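These notes are about the structure you will find just below.
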Amino acid sequence: GRGRSWELTKVRTTCPHCGVGCQQWLHVKDDQIVKVTAVEDARPNLGMLCVKGRFGHDFVGAAERLTTPLIKENGGFRQADWDEALDLVAGRLAAIKAAHGPEAFCGVADVGGVNEDAYNMQKFFRAVLGVNNIDHRGRACLAPQATGPAAACGSGAMTNSFAELEKAKLILVIGADVTEDNPVAGAYIKRAARRGARLIVADPRRTGLVEHASLHAPVKAGAEVAFVNGLMRVLMEEGLYDKDQALKRAADFEKLRRTVERYNPEMVAAVAGVGPELLVELAHALATTKPAMLVHALGPDEGARGLDKALAYADLQLLLGNVGRECGGVNLLRGRGNAQGLADMGALPGFYPGYQSVGDATARAKFERAWGVELNPKAGLALPAMFEAMARGAVKAMWICGEDVLAAAPDGQHAARCLGALDFLVCGDILPTATTSLADVVFPLAAWGESDGVFTNSERRVSRARKAVNPPGQAKPGWWIFREVARRMGHDWPSQSSREIWDNELSVLAPALAGVTYDRLEGDGLQWPCPGLAHPGSAYLPADACPGPDAFHAVEWAPPADEPDGR
Ligand code: SF4
Numbered sequence: 212g213r214g215r216s217w218e219l220t221k222v223r224t225t226c227p228h229c230g231v232g233c234q235q236w237l238h239v240k241d242d243q244i245v246k247v248t249a250v251e252d253a254r255p256n257l258g259m260l261c262v263k264g265r266f267g268h269d270f271v272g273a274a275e276r277l278t279t280p281l282i283k284e285n286g287g288f289r290q291a292d293w294d295e296a297l298d299l300v301a302g303r304l305a306a307i308k309a310a311h312g313p314e315a316f317c318g319v320a321d322v323g324g325v326n327e328d329a330y331n332m333q334k335f336f337r338a339v340l341g342v343n344n345i346d347h348r349g350r351a352c353l354a355p356q357a358t359g360p361a362a363a364c365g366s367g368a369m370t371n372s373f374a375e376l377e378k379a380k381l382i383l384v385i386g387a388d389v390t391e392d393n394p395v396a397g398a399y400i401k402r403a404a405r406r407g408a409r410l411i412v413a414d415p416r417r418t419g420l421v422e423h424a425s426l427h428a429p430v431k432a433g434a435e436v437a438f439v440n441g442l443m444r445v446l447m448e449e450g451l452y453d454k455d456q457a458l459k460r461a462a463d464f465e466k467l468r469r470t471v472e473r474y475n476p477e478m479v480a481a482v483a484g485v486g487p488e489l490l491v492e493l494a495h496a497l498a499t500t501k502p503a504m505l506v507h508a509l510g511p512d513e514g515a516r517g518l519d520k521a522l523a524y525a526d527l528q529l530l531l532g533n534v535g536r537e538c539g540g541v542n543l544l545r546g547r548g549n550a551q552g553l554a555d556m557g558a559l560p561g562f563y564p565g566y567q568s569v570g571d572a573t574a575r576a577k578f579e580r581a582w583g584v585e586l587n588p589k590a591g592l593a594l595p596a597m598f599e600a601m602a603r604g605a606v607k608a609m610w611i612c613g614e615d616v617l618a619a620a621p622d623g624q625h626a627a628r629c630l631g632a633l634d635f636l637v638c639g640d641i642l643p644t645a646t647t648s649l650a651d652v653v654f655p656l657a658a659w660g661e662s663d664g665v666f667t668n669s670e671r672r673v674s675r676a677r678k679a680v681n682p683p684g685q686a687k688p689g690w691w692i693f694r695e696v697a698r699r700m701g702h703d704w705p706s707q708s709s710r711e712i713w714d715n716e717l718s719v720l721a722p723a724l725a726g727v728t729y730d731r732l733e734g735d736g737l738q739w740p741c742p743g744l745a746h747p748g749s750a751y752l753p754a755d756a757c758p759g760p761d762a763f764h765a766v767e768w769a770p771p772a773d774e775p776d777g778r
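And the structure:
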């Protein structure tokens, strides 16, 4: 049974299911999560939870959970103890490094894990294996998405906060099914509309938000850039843009003007399916109600031209003068709960934690001093390039954490051939998957609710994810596994808990997180940038964080790689 209230203990944590990062109480009886309720009055959800957050926790106690390390033998798996499995992995990785060098490795970090797991994984690849070939599944969607806000405001994250959605005067939602994918954020948008905010939804479908919208633009899938360029053309023709922004970025402004010139209303109608009258009405709405928050999400951004869309959205918001302001900005909604954290932690081929480039000699020297090693200055392979390198035989070993890459790959058969051709594949997961079935060694991971750490939500809010129950069998947190293999390869890392990793390493090495400590995370978390212990965190990224004269990207529309069909 679920237990009487006096039999339950309560542990506060962060929902893992989407980028809103709602605060929850896990109610525990007999080492099992029996109920989940919302934390009242806590940001970001203020007592709300969606059905996923309230009921989607049965994976934690699932009968199929991996409970011991597994070693492949004669085509099947046998159970092993930790020492044997860790020794085997350390030995094989050392041998492969000696024979083929560091470039023979690549890794995929666990988007379901805590930040400390990702931190130790990227540290293991960089400091122990000597390569920057580390990435995560966000490559297919979040990486292009993040480029838009990065271009607009120097940072690959939501520029503003969920709380601002409720106060916004105008919200433009492009290609985001918010009430389905980020339901609590959707609730904020619906409340804003009920309060009288203008809501514009640009989406080929009638999503749940459309019935709350003042205007619906049924932009054809893949035509978002043409639509946005068309809006910008109207704004420029009628002089309805932010003149200060244009002056500051004069050269780029001219480039933008020339680019959008051909996106006249007839062309936009033909390509995007939005008629001239509606286009002008939308442009006027954007020009007269300021600031406006632009919200976008995974769907359209996952296509081959996701990057173009993200840049076009940033251009539109800059042109309107909506960047660097409260209730404005470019706001991408993350899918998985800690997808933002994975990028922040440097599970990226070009960046150390805190978006410090591996090519930047000063940043590299700092990490070399901290980790006591010489680091590879060459940017690593992103996920698609990893598979290309595997197909060429250039990669010999891979470590995949918490990710069923075969299920997620656009071409699963190709991915299976690549993984099958490796000399050595290590997987960590909570459940057996198609990908773990190909591994030489499988490590059982502690799941959400079974280990301590930190998540980062879409609005850059760093919140605690807490251990409420024990992992099944011998399952362990990801950060511990990397530390143990590193030790067996001659690297004794000092941090012995997720708290020590965060407080003693991460917050010291990533300037935007310098003021974020476990002690300060006892309440509602902190939004980075939070550069010092007295800093309250940043609800939105201010104008002075935004780049200067090269800010307009002037993106051309090109037809999508896959044409939508009648459905
Ligand atoms: Fe979890 Fe997202 Fe639902 Fe909040 S909105 S409860 S974070 S799935």
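Okay, so the sequence shown: first residue is 212 according to full-length UniProt numbering, each after it adds one.
Glycine residues also receive a C-beta, built at the ideal position from the N, C-alpha and C atoms.
These numbers come from a predicted model, not from an experiment.
With a threshold of 7 Å, the Cβ atom of G232 counts as near the ligand SF4, since some heavy atom of the ligand is closer than that. For L426, there is no enclosing alpha helix (DSSP H); the residue is part of the beta strand (DSSP E) that begins and ends at 426-428. Going by beta carbons, S718 and Q551 fall outside the 8 Å limit. Around the beta carbon of F288, a 10 Å sphere encloses 16 or more other beta carbons of the protein chains shown; the residue is thus reported as buried. When the Cα atoms are used, L340 and F635 turn out to be separated by approximately 14 Å. In chain order, P415, V482, A483, G484, P775 place their CB closer than 8 Å to the CB of K431, counting only its own chain and leaving out the 5 sequence neighbours on each side. According to the DSSP assignment, M504 belongs to the beta strand (DSSP E) that extends over 503-507. For A320, the CB contacts under 6 Å within the same chain, skipping 5 residues up- and downstream, are A329, M332, H347, L553, A558, C612 in chain order.
Within its own chain, the residues whose Cβ lies closer than 7 Å to the Cβ of L592, once the five positions on either side in sequence are excluded, are C317, N344, P560, A600, listed in chain order. Residue burial is scored here from C-beta neighbours: D730 has fewer than 16 other C-beta atoms within 10 angstroms and is therefore classed as exposed.
Inter-residue distance for K334 and V696 is about 12 Å (C-alpha atoms, whole angstroms). Assignment of A676 by DSSP, reduced to helix, strand and coil, places it in the strand class. Of the candidates H495, R628, L586, L649, the residue whose Cα lies closest to the Cα of W610 is L649. Closest option to R536, judged by alpha-carbon separation, among F336, R265, L752: L752.
If you compare the alpha carbons of Q685, W691, S708, W713 with that of V673, the shortest gap goes to W713.
For L260, the shortest C-beta to heavy atom distance toward the ligand SF4 is below 7 Å. C261 and G386 have their alpha carbons spaced roughly 21 Å apart. Secondary structure of W768 (DSSP, three-state): coil. With a cutoff of 7 Å, G548 counts as near the ligand SF4, since its C-beta is closer than that to a heavy atom of the ligand. Per DSSP, reduced to three states, the secondary structure at Q685 is coil, with no helix or strand assignment. The beta carbon of K240 lies closer than 7 Å to those of G214, E218, L219 in the same chain, with the five residues before and after it left out.
Taking each of G604, W293, K380, E448 in turn and checking the Cα distance to I282, the smallest one comes out for W293.
In this structure, the C-beta of K263 approaches the ligand SF4 to less than 7 Å from one of its heavy atoms. The shortest CA-to-CA distance from E295 to any of V653, A765, H764 is the one to V653. In this model, Q290 and L277 are separated by some 10 Å (Cα to Cα). With respect to A413, V389 sits apart: the two C-beta atoms are not nearer than 8 Å. F270 sits in coil when the DSSP states are folded into three classes, being neither helix nor strand. Per the DSSP secondary-structure output, E284 pairs in a beta bridge with G287. Of the other Cβ atoms in all chains shown, 16 or more fall within 10 Å of the Cβ of R545; this residue is therefore buried.
Counting only residues of its own chain and dropping the five nearest sequence neighbours on each side, Q243 has a CB closer than 7 Å to the CB of G272, V680.
Apart from sequence neighbours up to five positions away, the residues of its chain that approach M478 with a beta-carbon distance below 8 Å are A437, G441, ordered along the chain. Counting only the Cα atoms, R406 lies some 30 Å from Q456. Set against 7 Å, the gap from the CB of V395 to the closest heavy atom of the ligand SF4 is smaller. From the listed residues L630, P643, L737, the smallest Cα separation to A274 is found for P643. Cβ neighbours of C741 within its own chain (closer than 6 Å, five residues either side excluded): G726, V727, G748. The Cβ atoms of A379 and A396 lie no closer than 8 Å to each other.
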